[in-house]
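In UniProt numbering, the protein residues as written are 1 to 193. Notes follow the structure.
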Amino acid sequence: MAAASVTPPGSLELLQPGFSKTLLGTKLEAKYLCSACRNVLRRPFQAQCGHRYCSFCLASILSSGPQNCAACVHEGIYEEGISILESSSAFPDNAARREVESLPAVCPSDGCTWKGTLKEYESCHEGRCPLMLTECPACKGLVRLGEKERHLEHECPERSLSCRHCRAPCCGADVKAHHEVCPKFPLTCDGCG
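Okay, structure coming up:
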């Protein structure tokens with residue numbers, strides 16, 4: 001069998017490590033796990049020794065050249081000449097990909113009831129679930145994807161604001177401090193009431 005490049009074809013350029021095991025709604029068989037990251041295979045490649053790796057993981061391993069297969073070494077089945085990971089002898093494992101993509105999946109986000117196959121999760125739900133936690137680009141706190149816009153506009157302590165009295169720019173966390181020095185901040189006069 002001819003070897004293939006470790007980089008997936010153009011339509012599959014989403015290089016990421018394996019899927020989290022929490023996605024699967026069924027008992028997981030070891031054959032669906034990447035030999036490197038130990039997560040569910042994503043874009044599986046098979047080495048000449050028979051171990052399977054995510055495309056991302058294999059590319060990472062091979063970034064410094066051919067390597068001994070750590071799984072072969074760990075399992076005590078290392079064979080000279082066979083247990084070597086190299087891009088010229090690894091190939092996309094399409095049979096494993098089809099099996100993995102057909103596994104039942106559930107969304108790992110708390111409160112989300114989405115269910116489907118792993119393929120459907122990757123193409124339609126991954127990175128889009130409104131209940132998934134994501135990092136706010138401003139304050140670096142975790143917010144739900146569906147609440148991110150509201151958070152950025154109304155709650156984020158790092159959101160950009162203008163003082164309503166003098167129109168000076170400041171961030172949400174600094175508004176009270178700015179009011180202490182704002183030249184147009186209304187004061188209550190003790191003598192006038």
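Built from N, CA and C at the ideal position, the CB exists for glycine as well.
Practice prompt. Flag this pair as yes or no: are the beta carbons of residue 97 and residue 44 separated by less than 9 angstroms?
Written response: yes
Worksheet entry | Element boundaries [alpha helix (DSSP H), containing residue 97] | 94-101
Practice prompt. Grab the span of the beta strand (DSSP E) containing residue 181 for me, first residue to last.
Written response: No beta strand (DSSP E) holds residue 181; the alpha helix (DSSP H) holding it covers 175-181.
Discussion item. Just to confirm before moving on: does the CB-CB distance between residue 132 and residue 156 stay below 9 angstroms?
Written reply: no
Discussion item. With the cut-off set at 9 angstroms, would you say residue 138 and residue 90 are in Cβ contact?
Written reply: no
Worksheet item: Mind checking whether residue 42 and residue 122 have CB atoms under 9 angstroms apart?
Response: yes
Fill in: Cut-off 8 angstroms between Cβ atoms - residues of its own chain near residue 69, not counting five sequence neighbours on either side
35, 47, 49, 51, 78, 83, 84 and 85
Discussion item. How far does the alpha helix (DSSP H) with residue 73 in it extend, from its first residue to its last?
Written reply: 70-75
Worksheet item: Where does residue 187 land, buried or exposed, given buried means 16+ other C-beta within 10 angstroms?
Response: exposed
Practice prompt. Note the first and the last residue of the continuous alpha helix (DSSP H) segment covering residue 59.
Written response: 55-62
Worksheet item: What's the call for residue 110, buried or exposed, on a 16-neighbour Cβ count within 10 Å?
Response: exposed
Worksheet item: Out of curiosity, what's the CA-to-CA distance linking residue 19 and residue 107?
Response: 11 angstroms
Worksheet item: Whose C-beta lies closer than 6 angstroms to the C-beta of residue 143 among residues of the same chain, with five residues either side of it excluded?
Response: 136 and 151
Practice prompt. Could you pull the start and end residues of the beta strand (DSSP E) that residue 115 belongs to?
Written response: 115-117
Worksheet item: Among 154, 181, 153 and 173, which one has its Cα closest to the Cα of residue 165?
Response: 181
Worksheet item: Mapping DSSP to helix, strand and coil, what is residue 135?
Response: strand
Worksheet item: When DSSP labels each residue in this structure, what does residue 164 get in the three-state scheme?
Response: coil
Discussion item. Taking only three categories from DSSP, how would you classify residue 150?
Written reply: helix
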